[in-house]
Structure formats: structure tokens, C-alpha cells
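Top line first, the protein sequences correspond to chains A and B. Quick note on this note's numbering: the first sequence kicks off at 9 and runs consecutively. Quick note on this note's numbering: the second sequence kicks off at -8 and runs consecutively. One structure below.
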Amino acid sequence: MTARLTTWWTILRICLEERLVYRGDFALGTLMRFLPIITQIFLWQAIFQARGSEQLAGYRYEEFVAYYLLTMVSRAFSSMPGLASGITRQIRDGEIKKYLIQPVDLLGFLFLSRLAHKVAYYSVAVGPFALVFFLCRGYFDDLPPEAATHSAVTAAAFVASLLMSFVLAFFLESALGLVGFWWLEVSSLLFVYMLFSYFLSGHMFPLDMLPQPWRMIVNAIPLKFLAYYPVAIFLGKQTGYELAGNLCLQFSWIVLLAGVSRVLYWRGVRRYSGFGG
Amino acid sequence: MKEAASYLRVFLTFARNSLVRDMTFRTNFLLESLASLSWMLANLGFYLLIFSHTRYIGRGSGWGQYEFFVFLSTTMFVNSLVQAFFMANVDEFSEMIRTGRLDFALLKPIDTQFVISLQKIDWSSLVNFAAGGVLLAFSLVKLAARPANPLQLEPLMAVLYTLYVLCGVAILYSLMIALSATSIWLGRNQTLYDFWFYITNFSRYPMEIYSGPWGRPLRWVFTFLVPVLVVVNVPARLLAQPLRPETSLHWTLAAFAIVATVASLAASRWVFNRALTSYRSASS
């Protein structure tokens, strides 16, 4: 057990050091990622002005802006750049053999390296994020009493949901990448996934804006937990049993997808034949 | 004149070679076209969703659903042209500097900027150009058929529209080539290239949305300093909300767009040439 912990700790530390090499580029890149939000803010301002009414889909203008800013946070947890394509590449060019020979588990290793990546990312990104949220603090002033700015329970639920969105996204994308055992090239599958997650995870707009039957579809798939859901908790859109129920649902998706990626890995390894040297 | 003809021949050869390459992997070509098309449709869905909640973007701005779709198709024209002709090449340019392959382009008896900018044409990007055409035609028919204040199209509008779309392409191209030329000085500029995407992001919506104490300076900067706002706004406005003589401000903007195009092209040419003088081959 201690041996295993030491291994994990070493993996985590190596990955962390690897990630912190380009700090300056990181910080600048993070700050620039907020630029598109400026356009969104002005777009929705124009839309609210044209409508002339106070609310749109249950959001005031300030809440809309807060929503966009907060999706940046949830995306920072749930985005997994290069995870699925990396797994497929490793399967294709035979690098995966290393996990079959060495006593290191592929999913475990990838999880830790992702974790290290994220920790390194946050340790640098916290600066730009803090700056932007400080400048935009006015948008968070008049949130309802259920919002995370007033209620400790909501804040805790928000954090829990964010952490789970990281795990959920990890297993979701791993499962997609592991399909590579059968297809060798999954870029078209990833494209479809990206397209859907772009529009149905809620980082383009609050999902409450969707009409039926889209609303039903969005509720039936796990994508909403990647961007929309943590933010909805923060803004106080979810309370009581609904909140608890959805958190459980998020957790169930994690269990399900973790199981799926385990099975895919296990069966994939059995049909795998190594090419190249 | 003779020189221009030979440049045209070189360009046509580039175009043919790219097409041959694309047609070698036909399924891949088809998939890429399909991908950019479905991305476009998803975007259209987003705007349909917006217009299911509001009638206009901006109070009194006149950007209703079909006016905005004219705007959107203009964005599609400009972006698909930039993507088809320049994007891959300029991307390659930074890489050529890093690896030293730029030497080969410099050695050729032809303008270096010309070779760098046009040697590969991404034909699959033109699918969005066609899709933009369909959307534009549909929106114009809708605008011309509306009972109140129907749109009247004149031949002059079509000519000016084409001209301004090309101006828009030229402005974006200048920005792109100037940014990537700086990688001669910086060694590598992935962040700058991302920056290009974020900057052009500002050109995607009608300029009226940038209002208020924060919006006005932003609008000023992106109209006069980095003229990305005129790229789509001027041609789209020309069609969807014809520039009337009484709105002299709009004519000023249209005139300015020409000036901005010439200035951006000249400035980017200058930056490009300046950067080339600092190039130290990195090859073996």
C-alpha cells in the first residue's frame, strides 16, 4: 500500500513539474481565454435591451454575465484537452504496451497526470481568474439568498459538483479514447462529441433557454454536468431535494462511465495486438 | 502585365495542385466538408435559439433575425475565404521560420509573401462559402418579401457587397500575416496565433452591440486601430440595411473601410519585409 502511494506521489510530482515549465505563456493564455466572453457580454446586453424585459429564461442580465464567467470555472475543471486523442494515439503507435508490461495502470496513470495538470493549471490560472472576477464583482451583487455567495451549503454543493465534473469529464473522454482499441482512429467520433458538448454542456448559453424536446434530451445526457450544472448551483437555481438528487445523478454518471472505461480497457487489452517496436 | 500573368499562372498551379491533393483522399475531403458544415449548422441553431427569445439584437439597431442572417452569411463568406486561401499557409509560415524551411521560399524568383500566402488552398473550407450563399439567398428573399418596408435590391449593391467582402478578407489576411511574421523575432508565437482568433471574435457581431462606457472605446479600438469591426459590418450593412444618403456616418464608415484595407495591406507588407530582414536561417 505504501509502495503504491509512493508510486502515485512520484507520478503526480513528475507531471506537476513538467507542467510548470511554461508559466508565463500559461498565465497570458488564460487571461486571453476571457476575451470571447467580452463579446458575449455585449451580445446579451444588446439582447436584453432589445427585449426590454427584466428576465430571460429566468436570468437577469447580471446573472447572465455571472453565468458566463462561472462557466469558465467549470470548464477549467471539465475540459480535458488531448485526453481521448492521446489514448488513441498511444494505442495506435504501440506506446500502450508500456502499461501492459510495467505495473502501472493506464487509467490510474492518466488520471494522476490529468490531476497534476489541473493542479498546475490552477496554481497559475488563479491569478488571471481572480483578476477577472474582481473586476466583474458587481455582477455577483444581487444574487438570490440561495446562491453560493450567501449560502455555505450551496457553496459546498458547488465545489462538490465542480470536483465531480472533473472526474466525470475524465472518464467520459477516456471511454471515447479507448474506443480506439476497435477503431484506431476516433477523430470523427471526437468531433461529434465536441460539437455536442460545445452546445449542450451549456457553455454557449444557459440550458434553461432551450425549448422542449431539447430540454429533455439535455437532462438525459451527462453533458450538462460539465459546464451548466455547477454554475446553476452557484446561482441558486437548484435547492433542496432537486439539488441533492442531481448531485447523486452526477455521481451515478461517474460510476457508470468509470465502469464503462474499465470494461473498455479490459476488453481492449484482450484484443490488442502490438505493432511496431 | 506579363508579370501579373505569370503570377496568375503560378496561383492557378497552386490551386490545381491543392485540388489534386484533396481529391486523392476523397473520403477525408468529404468528411472535412461535412464537419465544417455541421459546425456551421450548430452555430445557426444557436442564433435561432437567440431569436426565439428576442426580435432584435440591440434596441433600435434594426438587426432582426433575417438581417442578422445576412450578417452571419457575410461572416461565413469572409471566414471561409480566409480559411481556404490563407489560414493553412500562414500557420505553415511560423513553422517554416522555426525549422528553417523558409530558405526555399526565399530562393525562388518570385515574391516571397505571395508564395508563402497562397501555396496551399484548402478547398473543403469553401463548403461554408456555398452554405453562406444559401443562407444569404434565403434571408434576402425573406427580407424582400416582408410586408413592412421590404428590401429592394439594386445591382450596385451586389457590386459593392462583393468589393467589401474582399476588403474584409484583405484586412483579416493582413492581420494574420503580420502576426505570424513576428514569429521571426519571437521564435515561436502560438499565443499570438490564438490571439488572432480572439481578436477576430470581435468581428462576429454587429458593431452596435458595443455600447456604453466600456463598449464605445472597444468599438473605437476595433474600428480604427485594429479594423476588424469593419470586416463584416460594412458589407452586411450594405445589403441588410442599405446605407442611405441621410446616414452620412455610414458612408463615412464605408469610405473608411477602403482606407483601412489599403492601410492594413501596406502595414502588413511592411511588417513582413522588416521581419524577413531579421531572418536567420535555422536549418542545418
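Where is the CB? At the ideal position from N, CA and C, for every residue including glycine.
Contact set between the region 152 to 167 of chain B and chain A, restricted to residues whose Cβ is under 9 angstroms from the partner: Of all residues in the region 152 to 167 of chain B, none comes within less than 9 angstroms of chain A when Cβ atoms are compared.
Three-way DSSP call (helix, strand, coil) for L64/A in this model: Assignment of L64/A by DSSP, reduced to helix, strand and coil, places it in the strand class.
R17/B - containing alpha helix (DSSP H), residue span: Where R17/B is concerned, the enclosing alpha helix (DSSP H) stretches over R17 to F42.
If you draw a straight line from the alpha carbon of L231/A to that of F174/A, how long is it in whole angstroms? Going from the Cα of L231/A to the Cα of F174/A covers about 12 angstroms.
Is DSSP giving Y201/A helix, strand or coil here? Y201/A carries a helical assignment under DSSP once its states are collapsed to helix, strand and coil.
Run through the DSSP bridge pairs and tell me what G129/A is partnered with. Sequence inspection shows Tyr at residue 129/A; the Gly mentioned does not correspond to that position. Note: Y129/A sits in no beta bridge, so no partner.
Quick test of your reading: T162/A and A155/A, contact by CB under 8 angstroms. State the CB separation rounded to the nearest angstrom. Contact flag correct, Cβ pair sits at about 6 angstroms.
In this structure, how does DSSP classify G185/A when only helix, strand and coil are distinguished? If DSSP states are grouped into helix, strand and coil, G185/A belongs with the helices.
With three or more C-beta pairs closer than 8 angstroms as the rule, is the region 185 to 200 of chain B touching the region 39 to 50 of chain B? Taking a contact to require three or more Cβ pairs closer than 8 angstroms, the region 39 to 50 of chain B and the region 185 to 200 of chain B qualify as touching.
Please state the DSSP three-state secondary structure of G55/B. Note: G55/B maps to strand in three-state DSSP.
Beta-carbon proximity check, F117/A vs Y201/B, cutoff 8 angstroms: No, the Cβ-Cβ distance between F117/A and Y201/B is not below 8 angstroms.
Taking Cβ-Cβ distances shorter than 7 angstroms, what residues in chain A pair up with T45/B? The contacting residues are I55, A58 and R59.
Give me whichever residues DSSP pairs with Y236/A in a beta bridge. None, per the DSSP bridge assignment.
Straight-line gap, K126/A to I22/A (C-alpha atoms, nearest Å): Distance between the alpha carbons of K126/A and I22/A is about 13 angstroms.
Just how far apart, CA to CA, sit P138/B and S130/B? Those two C-alpha atoms are separated by around 15 angstroms.
With DSSP as the reference, label Y47/B as helix, strand or coil. Residue state, collapsed to three classes: strand.
Evaluate contact between the region 164 to 172 of chain B and the region 4 to 21 of chain B, counting only Cβ atoms and requiring at least three cross-stretch pairs below 8 angstroms. No: fewer than three Cβ pairs fall under 8 angstroms.
Can you give me the Cβ contacts of L184/A inside the same chain, cut-off strictly under 7 angstroms, excluding the 5 residues immediately before and after it? Only A92, V194, L197, L198 and Y201 meet the Cβ criterion.
Does the CB of P136/A have a neighbour CB from chain B at under 8 angstroms? So no, P136/A is outside the interface.
Contacting residues, own chain, Cβ-Cβ under 6 angstroms from P236/B (five flanking each side not counted): Only weak support is given to the placement of P236/B: the predicted model assigns it a pLDDT of 46, under 50, and the value that follows is read from those uncertain coordinates. Take P236/B, set aside five residues on each side of it, and no residue of its chain has a beta-carbon closer than 6 angstroms to its own.
Roughly how many angstroms separate the alpha carbons of V271/A and T38/A, rounded to a whole number? Cα to Cα, the separation comes out at about 36 angstroms.
Give the residues of chain A in contact with N8/B, contact being defined as C-beta atoms less than 9 angstroms apart. Chain A residues near N8/B: none, gap ~25 angstroms exceeds 9 angstroms.
Residues, ordered as in the chain, of the region 185 to 197 of chain B that lie near chain A by beta-carbon distance below 9 angstroms: Of all residues in the region 185 to 197 of chain B, D185, F186, F188, Y189, I190, N192, F193, R195, Y196 and P197 have a Cβ within less than 9 angstroms of some Cβ in chain A.
Should A164/A be labelled buried (16 or more other beta-carbon atoms within 10 Å of its own) or exposed? Result: exposed.
Is there a Cβ from chain B that is less than 8 angstroms from the Cβ of M3/A? The structure shown has nothing for residue 3/A, since chain A only spans 9 to 285.
Could you pull out every residue in the same chain whose Cβ sits closer than 7 angstroms to the Cβ of A13/B, ignoring the five residues on either side in sequence? The sequence as given places Asp at residue 13/B; Ala does not occur at that position. So the list reads F20, W114 and S115, once near-sequence residues are dropped.
Kindly indicate the opening and closing residues of the alpha helix (DSSP H) around K111/B. Premise fails: K111/B is in no alpha helix (DSSP H) and is neither H nor E.
Less than 8 angstroms between the CB atoms is what I'm expecting for L290/A and V226/A, so what's the real figure, rounded? Any answer about residue 290/A is impossible in this case: the structure gives chain A only from 9 up to 285.
Does the CB of E83/B have a neighbour CB from chain A at under 8 angstroms? Taking 8 angstroms as the threshold, the shortest C-beta distance from E83/B to chain A does not fall below it.
Could you tell me the distance, in whole angstroms, from the CA atom of E181/A to the CA atom of S87/A? One Cα belongs to E181/A, the other to S87/A, and the distance between them is close to 10 angstroms.
Output the distance between the C-alpha atoms of Y147/A and F141/A, rounded to the nearest integer angstrom. Those two C-alpha atoms are separated by around 9 angstroms.
Contacts around S24/B, its chain only, beta-carbon distance under 6 angstroms, and the 5 residues preceding and following it disregarded: When the five nearest sequence neighbours on each side are left out, the beta carbons in the same chain lying within less than 6 angstroms of the beta carbon of S24/B are those of S115 and V118, in order along the chain.
Whole-angstrom distance between A252/A and L176/A, CA atom to CA atom: If you take the alpha carbons of L176/A and A252/A, they lie about 17 angstroms apart.
Taking only beta-carbon atoms, is R50/B less than 8 angstroms away from chain A? Answer yes: the Cβ-Cβ gap between R50/B and chain A drops below 8 angstroms somewhere.
Distance CB(S9/B)-CB(I112/B) smaller than 8 angstroms: Yes, Cβ-Cβ distance for S9/B and I112/B is below 8 angstroms.
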